[in-house]
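> Just passing along the structure, written as structure tokens.
Quick look at the structure:
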């Protein structure tokens, strides 16, 4: 793919718990069905996974925010460009799931129900990206 496109493609994937709960609090049309959102996340995730054989570089969002300098260097290398930094990029603290829920105004009880659905529907594919159990 790189030779044909003279460049590269990078796909960033995020833990489905954070992705789906973020969708639910950001988009009015997505507030209702966690299961439908899981189906959408699975479709996107499977598309990303199948794109690897085309040369797409997959980056986990969590890795990017925890090690931004090294991950940006990996991305730059994949894209065939040089990454130069005056100083290391700042690490962004990953919110604990409880803090994320508070920030988004979601009750822990409501989230637990969503987590069970996310685990059931997304768990198998999420594990292929290195995400462990979806329960908090």
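In UniProt numbering, the protein residues as written are 1 to 136.
Ideal placement from N, C-alpha and C gives every residue a C-beta, glycine not left out.
These numbers were taken from a predicted model, which means no experiment stands behind them.
(1) So, for residue 127: in the same chain, excluding its five sequence neighbours on each side, which residues have a beta-carbon less than 8 Å away from its beta-carbon?
(2) Apply the 10 Å Cβ neighbour rule to residue 87 and answer buried if 16 or more other Cβ atoms are within range, or exposed otherwise.
(3) Here's the rule I'm using: 16 or more other beta-carbon atoms within 10 Å means buried, otherwise exposed. How should residue 16 be labelled?
(4) Report the three-state DSSP secondary structure of residue 126 (helix, strand or coil).
(5) Count the other CB atoms within 10 Å of the CB of residue 34; is the residue buried (16 or more) or exposed (fewer)?
Short version:
(1) Excluding residues within five positions, none has a Cβ falling inside 8 Å.
(2) exposed
(3) buried
(4) helix
(5) buried
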